[in-house]
Amino acid sequence: MNFKTMSLISAVALALPTLGMADADDDTLVINEEIKIVTKAPAPAHLDGALDEVISGWHFRADGTQAMEMDDFDNPGMLAVETGEELWNTVEGSEDKSCASCHGDSASMAGVKAVYPKWNDAAEEVYTIQMQVNDCRENRMGAEPWKTDKGGSIPMEALLASVSRGMPVNVAIDGPAQATWEHGKELYYTRTGQLDLSCASCHEDNYGNMIRADHLSQGQINGFPTYRLKNAKLNGAHSRFKGCIRDTRAETYSPGSPEFVALELYVASRGNGLSVEGPSVRN
Amino acid sequence: MRITTLALVATLSAGSAYAEMVAPADVKFTEDGAVEMSLTGVAGNAEEGKAIMVSKKLGNCVACHAASAYSEAAFPGNVGPSLDGVADRWNQAELRGILTNSKLTYEGTVMPAYYKVDGFTRPGNAYTGKAADDSFGPLLSAQQVEDVVAFLMTMKDG
Chain A
52 MNFKTMSLIS
62 AVALALPTLG
72 MADADDDTLV
82 INEEIKIVTK
92 APAPAHLDGA
102 LDEVISGWHF
112 RADGTQAMEM
122 DDFDNPGMLA
132 VETGEELWNT
142 VEGSEDKSCA
152 SCHGDSASMA
162 GVKAVYPKWN
172 DAAEEVYTIQ
182 MQVNDCRENR
192 MGAEPWKTDK
202 GGSIPMEALL
212 ASVSRGMPVN
222 VAIDGPAQAT
232 WEHGKELYYT
242 RTGQLDLSCA
252 SCHEDNYGNM
262 IRADHLSQGQ
272 INGFPTYRLK
282 NAKLNGAHSR
292 FKGCIRDTRA
302 ETYSPGSPEF
312 VALELYVASR
322 GNGLSVEGPS
332 VRN
Chain B
8 MRITTLALVA
18 TLSAGSAYAE
28 MVAPADVKFT
38 EDGAVEMSLT
48 GVAGNAEEGK
58 AIMVSKKLGN
68 CVACHAASAY
78 SEAAFPGNVG
88 PSLDGVADRW
98 NQAELRGILT
108 NSKLTYEGTV
118 MPAYYKVDGF
128 TRPGNAYTGK
138 AADDSFGPLL
148 SAQQVEDVVA
158 FLMTMKDG
C-alpha cells in the first residue's frame with residue numbers, strides 16, 4: 052500500500068514538470084504556405100517492435116524554431132541553397148562542365164535526395180548523395196572532389212534536398228544495399244564510449260524525454276542538412292553522428308567513413324515515409 | 008621520541024586509508040548488484056555529493072534526474088526517475104552499487120557506470136572524440152562516489 056502510493060506520487064511528480072512538452076507536439080509543417088511536409092508517418096515495416104510512428108525532429112523543437120523553417124526567408128539554411136545553386140551552374144574541371152551541363156535545371160533533381168544513400172552498381176558500394184556528387188565531379192567534370200560535409204558538399208546537398216522537399220524518403224534497404232544496411236543497424240544499436248550509450252538509448256528508448264533542457268527527438272535525418280542555432284551553420288548528418296558519439300565519451304568514426312555511410316543508410320531508412328525536409332532548422 | 012611515535016602513528020593511519028581504497032576492478036558486488044563495503048573507508052560528505060550531482064563536469068546526475076534536494080538546479084532531465092525518497096527505496100549498499108555499475112542492478116539501463124574502467128566499446132578520451140589514452144579513469148573517484156552516496160542517503164520522504 053505504502054509502496055503503491057509512493058509510486059503514484061513519484062509518477063505524478065515526474066509528469067508535472069514536463070506536462071505538455073514531453074511528447075512530440077501536434078503542429079503541422081507547411082513551408083512557404085505551399086510545400087506540405089509529412090512530419091509523422093507510420094513506421095516502416097523494418098521497425099516493427101521498435102517504433103509505431105516515425106516523427107520528424109521538427110516536432111520536438113520550440114515554436115519559434117519551428118517557425119523559422121516555415122518560410123524560406125526565415126530559414127538561414129536557404130542561404131546555403133543559394134550557394135549550392137551557384138555551384139550547380141559553375142563550370143569546373145578539365146571537361147569544362149557544370150552540373151547543369153548534363154542535368155539542366157536543379158529542379159530536375161526533385162526526388163533524387165529522397166532515395167539516398169543508394170547502391171551504386173559501378174562502384175559496388177552504397178553511395179551517399181555527397182559521394183554521388185563527387186563521382187560526377189571526378190568522372191564527368193574532371194574536378195576535385197569535396198570532402199565529406201565540407202567545401203561545396205553541404206551547399207550542394209542542401210540544394211538537392213530543397214528541390215525534393217515534401218517528397219517521401221524512400222531509401223532501399225534490400226538487394227545489394229542490404230549488407231550495408233545491416234552494418235548500419237548494428238552500429239545504431241551498439242553502445243559506445245564510457246557512457247555506454249547507443250543511438251537507440253536516446254533516440255528510440257527515450258525520445259520525448261529531456262536530458263537537462265534538451266528535448267530528445269527520434270534522431271531522424273530527413274531534415275538534413277540541418278541549420279543548428281547552436282553552431283549557426285548547416286550541419287551534415289555525418290558530422291552530427293560524430294558529435295553524438297563523441298558525447299558518449301567514445302572514440303568517434305570520421306565523416307565519410309564506411310561506418311558512417313552505413314549508419315546514414317540505416318538512419319535514413321528509419322525515416323522512410325517522412326518527407327524530405329532539408330535544409331531544416333533545429334536547436 | 009614522542010615525535011617519532013607520532014610520525015609512526017600518522018604513517019600507519021595513512022597506510023591503512025590506502026589499503027581501504029578499492030580499485031574499480033576490485034569492487035565486490037552482491038548478487039543483486041549492491042556494494043556493501045565503502046570504496047574508501049572514509050565517510051562520504053553529503054555537501055560535496057550534492058555539488059558533484061549538479062556539476063555538468065562531474066556527476067551531471069541532474070541531466071537525467073530531478074530531485075527536490077537540488078531543486079535550485081534549473082531544467083533537471085527526466086530520462087531517469089526522480090530521486091525524491093531514493094533512500095527509502097534503496098539502502099546505502101544498493102545505492103553504492105547503482106552508482107558504481109548500475110547495469111548489475113538494472114540490466115540494460117542507460118545510466119552510466121561511475122566507477123568502472125573496463126569493458127567499454129571504443130572508449131574515448133573524455134569528450135574529445137579521440138581514443139582513450141593512459142589517463143583513462145572512472146567517471147568519478149572512489150571518494151566522489153562515497154560523497155554522492157552520502158547525499159542520496161539524505162533523500163528520504165518520511
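In order, the protein sequences belong to chains A and B. Residue 261 in the numbering used here is what sits at position 210 of the first sequence, and the numbering runs on without skipping anything. Residue 19 in the numbering used here is what sits at position 12 of the second sequence, and the numbering runs on without skipping anything. All residues carry an ideal CB built from backbone N, CA and C; glycine is no exception. These numbers were taken from a predicted model, which means no experiment stands behind them.
query                                                                                                                                    : result
Alpha-carbon spacing of residue 72 (chain B) relative to residue 119 (chain B), whole angstroms                                          : 13 angstroms
Amino acids of chain B, ordered along the chain, whose beta-carbon sits closer than 7 angstroms to that of residue 244 (chain A)         : 127, 129, 130, 131
Validate contact between the stretch 71-85 of chain B and the stretch 127-139 of chain B using beta carbons, cut 8 angstroms, 3 pairs    : no
Closer than 9 angstroms to chain B by CB, residue 252 (chain A)                                                                          : yes
Amino acids of chain B, ordered along the chain, whose beta-carbon sits closer than 7 angstroms to that of residue 241 (chain A)         : 128
CB contact check: residue 161 (chain B) to chain A, cutoff 9 angstroms                                                                   : no
DSSP beta-bridge partners of residue 284 (chain A)                                                                                       : A:279
Range covered by the beta strand (DSSP E) that runs through residue 176 (chain A)                                                        : 176-178
Closest Cα partner of residue 37 (chain B) within the set B:126, B:147, B:110                                                            : B:110
Separation of residue 126 (chain A) from residue 114 (chain A), as counted between CA atoms                                              : 14 angstroms
Residue(s) in a DSSP beta bridge with residue 170 (chain A)                                                                              : A:177
Contact with chain A by residue 122 (chain B), beta-carbon distance below 9 angstroms                                                    : no
Buried versus exposed call for residue 61 (chain B) [16 or more other C-beta atoms within 10 Å across all chains shown]                  : buried
Beta-carbon proximity check, residue 316 (chain A) vs residue 231 (chain A), cutoff 9 angstroms                                          : yes
Cβ pair residue 117 (chain B), residue 256 (chain A) closer than 9 angstroms                                                             : yes
Cβ-based contacts, 9 angstroms cut-off: residues of the stretch 254-272 of chain A near chain B                                          : 256, 257, 260, 261, 262, 263, 264, 265, 267
Spatial neighbours of residue 156 (chain B) in its chain, beta-carbon cut-off 8 angstroms, leaving aside the 5 residues before and after : 51, 56, 99, 102, 103, 106
Contact list for the stretch 296-311 of chain A against chain B, Cβ threshold 7 angstroms                                                : 297, 298, 300, 301, 302, 303
Chain-ordered neighbours of residue 111 (chain B) on chain A, where CB pairs are closer than 9 angstroms                                 : In chain order: nothing, as chain A lies at least about 13 angstroms away.
Residue-chain proximity (residue 293 (chain A), chain B), Cβ-Cβ < 9 angstroms                                                            : yes
Per-residue contacts from residue 137 (chain B) into chain A (C-beta, under 7 angstroms)                                                 : 302
Residues near residue 84 (chain B) by beta carbon distance below 6 angstroms, same chain, minus five either side                         : 70, 71
Endpoints, the alpha helix (DSSP H) within which residue 25 (chain A) is located                                                         : Absent from the model: residue 25 (chain A). The displayed extent of chain A is 52 to 334, so no value can be given.
For residue 34 (chain A), the three-state DSSP class (helix, strand or coil)                                                             : Only positions 52 to 334 of chain A appear in the structure, and residue 34 (chain A) is not among them; the question remains open.
Partners in chain A for residue 82 (chain B), counting only beta-carbon separations shorter than 8 angstroms                             : 261, 263, 264
Bridge partners - residue 243 (chain A), DSSP secondary structure assignment                                                             : A:248
Short Cβ contact (9 angstroms threshold) for residue 241 (chain B) with residue 94 (chain B)                                             : No statement about residue 241 (chain B) is possible, as the shown extent of chain B runs from 8 to 165 and does not include it.
Buried versus exposed, by CB contacts within 10 Å (16 or more), residue 108 (chain B)                                                    : buried
Chain B contact for residue 247 (chain A) (CB, 9 angstroms cutoff)                                                                       : yes
Assigned secondary structure, residue 261 (chain A) (DSSP; H/G/I helix, E/B strand, else coil)                                           : strand
Contact with chain A by residue 69 (chain B), beta-carbon distance below 9 angstroms                                                     : yes
Own chain, CB closer than 7 angstroms to residue 101 (chain A), minus 5 neighbours either side, in chain order                           : 255
Minimum Cβ-Cβ distance from residue 134 (chain B) to chain A less than 9 angstroms                                                       : yes
Closer than 9 angstroms to chain B by CB, residue 200 (chain A)                                                                          : no
7 angstroms CB neighbourhood of residue 281 (chain A) in its chain, flanking five on each side removed                                   : 334
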